[in-house]
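Those protein sequences? They're chains A and B, same order as listed.
Quick note: the first sequence, position 170, residue 1645 per the numbering used here, numbers continuous.
Quick note: the second sequence, position 253, residue 958 per the numbering used here, numbers continuous.
One structure is given here, and the rest of the page talks about it.
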Amino acid sequence: MQKATKVLIILFLIFVISIFYISLNRDTSYNTSSLINKELPEFEISFFNEKKFYKNNDLKKNNYTLINFWASWCAPCRTEHPILMKLSQEKNLKIFGVNFKDKKIHADQFLKELGNPYAFIGKDINGKQSVRFGIYGIPESILINKNLLIMKKFVGPLSSDDLSQIVEIIN
Amino acid sequence: MLSNLGNSILFLCVILSLSIIYFANQSLKTPEGKISKIIYQFSLVQSCLIIVCFFTLIAAFIVSDFSLITVYQNSHTSKPILYKISGTWGNHEGSLLLWAIILTIFSFLFLVYNNNHPKKFRLLTLIVQNILILGFLFFILFNSNPFSSLVPAPNEGLGLNPILQDPALAIHPPLLYIGFVGSSIYFSAAIASLISNYSSNSFSLSIKNWVLVSWCFQSLGILVGSIWAYYELGWGGFWFWDPVENASLLPWFAMTALFHSLIVFERRNIFYFWVIILCLMTFILSVMGTFLVRSGILNSVHTFASDPSRGLYILSFLSLMIFGSIFLLFKKYKTENYNLNQNSKETFILINNWFMMFYLVTVLLGTIYPIFTDAITNNQISVGPPFYNTIIIPIVVFFLLFMAVGPRVKWIKNKFEDLKIYIFILIGSLLINFLITYFLESYSILSNLIIISALFLISSSLVDGIKELKKNRLDYARIISHASFGFLVLFIGLNDIFSIEKDYNIKLGETKKFENYSIKFQTLDLKEFSNYKAVVGELEVLNTDTNKKNILNPEIRIYDNPQTLTYEASIKSNFLRDYYLTMSNIDRSDYYNIKFQRKPLMIWIWISVVMIVIGGFLRIFTNAKSN
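Dropping the structure here:
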């Protein structure tokens, strides 16, 4: 085997392993506690059904907003859905669903099947907007108040404990 | 107490591994003679101890000893006993212990069953394998210890994720691990062969059954996982190109390429370095798969809790393995001159390997590409089924054609004597395909090509079988595996073309009609089970053509610990089709959403895979007989 080939193979492997290493470290920096009491980042998320955009100011009208990132292909989203349905009955809270990297037919289907807890729905087809919120995997939810300050962030499916926490905060 | 016992045994296993390495190293100094008895004895004791260690953990799960963190996090007193036991390997720590067991047992068996190979090669294999064992034991002891204790012990555990409480999932990890981890033994053997210059074709005899064993179990593991996803996840398919599914498929491609290359290596004494590369690659891919799943850097339906320190450990281990083996390979590598005739069995097997490498690279790219774009450009993307289907499916057509012709081709130099038979088979396949599409009224060029090539492979394998039978030289293993692979692709093709999928919101007592079916929502019951409650629907599916009725009972389950809602599909299978029905409630209304699917020939897809594996096991038996 020629020396150049050997060097190339080794360089390629070093590259792959460094990428893996970088990806690992990205996960360690993922800490939700640092987000609390920070203001929500600027965002622009398009409407689910129309060619309009939701922006930060749209959320100032609500006392509390729970931004929930979900997709029809995400199995844990199914498990948290009943919790969202319960939360949707809270008067003080509006749920903003961000449909993440999903197809519209499947998303519609999902809501038809499990019910629609969302006061409004936006879509993030390529997942770019969600990155601004620090979303790594879904489901994730962010609870914000009227002043757009982050009260709490929930990683993974909402549990019944999370449900009671949210209810406590908003009442 | 169990915590102390488990930790002590693990510690003893470390000492045994070190001793085996020491004694094997001593024994290397005297090249002649037999391997000393003490090495056999230590290996045996090591295997027994690690099994005892595993049973200790199982016992902790059975008696619900929540003083162990692993048991506390993954079990609950109200779990049925089967799931208490399967909870042992349904979590990260326990499954690593399973890794260590398989590494150890394979190490011992390899030592015992390879008497007629050079002493140096066997000892070096043992040393390399024990270095791997040590690596995993340290990982278990210092990072992912299943015997870590919790003081004071809680009264109750957190429970096992309900979607993991399933018989298929109870056996899925052990099967898959025998495949994954089993490949370690030929990784070690390949390193040993490079160091000891044991490069004659008898090397292939030492590993071929191990390759086949791991391949068979890997295939079964993938199958069981796929069946589980079919009825548990409620998506109604058998393969979703989920990154974790892909991670199990990557070593499978390498193994398949490997045992085909081994045939050439054994027969013609060529491809030595290619065989070595495949041996190394298979286990490296297995460890890489583990890294991707356990470090949590992939987004997937498999919700393993992620912990970066685990990822870092596996990554360091993986890097050591990769660079160690690459260094050795480069040092020993000599260019091989094949001089293959283009029309020979060797060439056809090489072509099989190209196909396997093509699939491997495609799936590997699709799986790790999102990680790369995320790390380099901060751009999160995901690679879905369209990518795989577009790239892989058209190539399958050529693959099947080569697979049909390859086994008939002679070694060294072939003449196509029976071209007529192939033309005859091809015309037959075309006819059957047109009959299928004519009567069932569906057409697409690609799916027809797939069906034709699958039929071509099946028929030529069968014709081959009959010919061999006449000569009394029937190679059952190959005929069964190859024909079954043809059947697998055929059934997948037909299943894809002739599936029906309908979706309705329906109230109790209502009937929905479509095509030649009507579905009636008859009753709804609430049932209580030991660890969950279930809302069970009763729906009657009537085929108006045949007037046959089927009752399906989809469920919505509410588990207690942890509290979770799951949707259980109801499936009625027969030999021709599956009816598949899922039901979910729509809040604040008395409507239920149902999703009905008719999936033709579903059961045959599973049976085909089982038959392919049976072919593999038959090969192991014929190999064992001829030895």
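The beta carbon of each residue, even a glycine, is placed where N, CA and C say it ideally should be.
Exercise. Decide yes or no for the touch test of the stretch 908-924 of chain B against the stretch 1036-1045 of chain B: beta carbon pairs closer than 8 Å, at least 3 of them.
Key: No contact exists between the stretch 908-924 of chain B and the stretch 1036-1045 of chain B.
Quiz item: If you draw a straight line from the C-alpha of residue 832(B) to the C-alpha of residue 1055(B), how long is it?
Solution: One Cα belongs to residue 832(B), the other to residue 1055(B), and the distance between them is close to 32 Å.
Exercise. Apply the 10 Å Cβ neighbour rule to residue 1081(B) and answer buried if 16 or more other Cβ atoms are within range, or exposed otherwise.
Key: exposed
Quiz prompt | Three or more C-beta pairs below 8 Å linking the stretch 787-794 of chain B and the stretch 758-773 of chain B | solution = The stretch 787-794 of chain B, when compared against the stretch 758-773 of chain B, does touch it at the 8 Å Cβ threshold.
Practice problem: Inspect the beta-carbon positions of residue 1065(B) and residue 962(B) and report whether they are closer than 9 Å. | Solution: yes
Self-check item: Identity of the residues DSSP links to residue 1305(B) by a beta bridge
Solution: 1282(B)
Exercise. Work out the CA separation of residue 796(B) and residue 775(B) for me, nearest whole Å.
Key: If you take the alpha carbons of residue 775(B) and residue 796(B), they lie about 8 Å apart.
Practice problem: For residue 1542(A), return the contacting residues in chain B, with the cut-off set at a CB-CB distance below 8 Å. | Solution: Correct list: empty, because the minimum Cβ distance to chain B is about 17 Å.
Exercise. Kindly indicate if chain A contains any beta-carbon less than 9 Å away from that of residue 844(B).
Key: Judged by the 9 Å Cβ criterion, residue 844(B) is not in contact with chain A.
Exercise. Would you kindly work out how many angstroms separate the C-alpha atoms of residue 707(B) and residue 830(B), rounded to a whole number?
Key: The straight-line gap from Cα to Cα measures roughly 33 Å.
Self-check item: Range of the contiguous alpha helix (DSSP H) that encloses residue 1001(B)
Solution: Per DSSP, residue 1001(B) is not a residue of any alpha helix (DSSP H), being assigned neither H nor E.
Self-check item: Contact set between residue 1497(A) and chain B, taken where Cβ atoms lie within less than 7 Å
Solution: 1080
Practice problem: Determine, using beta carbons only, whether residue 1290(B) comes closer than 9 Å to chain A. | Solution: yes
Quiz item: If we cut at 9 Å on Cβ distances, does residue 1494(A) have a partner in chain B?
Solution: yes
Quiz item: For the putative contact between residue 743(B) and residue 827(B), defined by C-beta atoms under 8 Å, what is the C-beta separation to the nearest angstrom?
Solution: About 15 Å; that fails the 8 Å criterion.
Exercise. Give the interface partners of residue 1604(A) over in chain B, defined as CB-CB distance under 8 Å, in chain order.
Key: Ordered by position in chain B, no residue passes the 8 Å Cβ test against residue 1604(A), which lies about 10 Å from the chain.
Quiz item: What span of residues does the beta strand (DSSP E) with residue 1262(B) cover, start to end?
Solution: Start and end: 1260-1264.
Quiz item: Hey, does residue 1064(B) have any beta-carbon neighbour from chain A nearer than 9 Å?
Solution: no
Quiz item: Considering only C-alpha positions, which residue in the set 1231(B), 884(B), 975(B) is nearest to residue 921(B)?
Solution: 884(B)
Practice problem: Compare the C-alpha of residue 1494(A) against each of 1119(B), 1131(B), 1024(B) and name the closest. | Solution: With distances taken between CA atoms, residue 1494(A) lies nearest to 1024(B) out of 1119(B), 1131(B), 1024(B).
Quiz item: Taking Cβ-Cβ distances shorter than 8 Å, what residues in chain A pair up with residue 942(B)?
Solution: What residue 942(B) touches in chain A: nothing, since even the nearest Cβ is about 12 Å away.
Quiz item: Of all the options 887(B), 784(B), 738(B), which has the alpha carbon lying nearest to the alpha carbon of residue 810(B)?
Solution: 887(B)
Quiz item: Of all the CB atoms in chain B, is at least one closer than 9 Å to the CB of residue 1574(A)?
Solution: no
Quiz prompt | Where the beta strand (DSSP E) through residue 1599(A) begins and ends | solution = 1595-1599
Quiz item: Using a Cβ-Cβ cut-off of 7 Å (strictly less than) and excluding sequence neighbours within five positions of residue 1314(B), which residues of its own chain qualify?
Solution: 924, 928, 1193
Quiz item: From 745(B), 1325(B), 825(B), 1320(B), pick the residue whose C-alpha is nearest to that of residue 1189(B); which is it?
Solution: 1320(B)
Practice problem: Could you name the residues of chain A that residue 1208(B) contacts, counting a contact when the two beta carbons are closer than 7 Å? | Solution: Neighbours of residue 1208(B) in chain A, taken as residues whose beta carbon is under 7 Å from its own, are 1584 in chain order.
Self-check item: Spatial neighbours of residue 918(B) in its chain, beta-carbon cut-off 8 Å, leaving aside the 5 residues before and after
Solution: 883, 887, 1325
Quiz item: Residue range of the alpha helix (DSSP H) that residue 1169(B) falls in?
Solution: 1150-1175
Practice problem: Can you pull the chain B residues whose beta carbon is under 7 Å from the beta carbon of residue 1517(A), in chain order? | Solution: Chain B residues near residue 1517(A): none, gap ~17 Å exceeds 7 Å.
Quiz prompt | Reduced DSSP category for residue 804(B) - H, G, I as helix; E, B as strand; rest coil | solution = helix
Quiz prompt | Cβ-based neighbour list, residue 1235(B), same chain, cut-off 8 Å, excluding 5 preceding and 5 following | solution = 783, 785
Exercise. Compute the beta-carbon to beta-carbon distance between residue 845(B) and residue 802(B), rounded to the nearest angstrom, for a pair I have assumed lies under 8 Å.
Key: 6 Å
Exercise. In the DSSP assignment, find the beta strand (DSSP E) that holds residue 1626(A) and state where it starts and stops.
Key: 1625-1630
Quiz item: Exposed or buried, what is residue 952(B) when buried is set at 16 or more other beta-carbons lying within 10 Å of its beta-carbon?
Solution: buried
Quiz item: From the beta carbon of residue 1506(A), is the nearest beta carbon of chain B less than 9 Å away?
Solution: Low confidence applies to residue 1506(A): its pLDDT is 49, below 50, so where it sits in the model is not reliable, and the reading given next is rough at best. No, because no Cβ of chain B sits closer than 9 Å to the Cβ of residue 1506(A).
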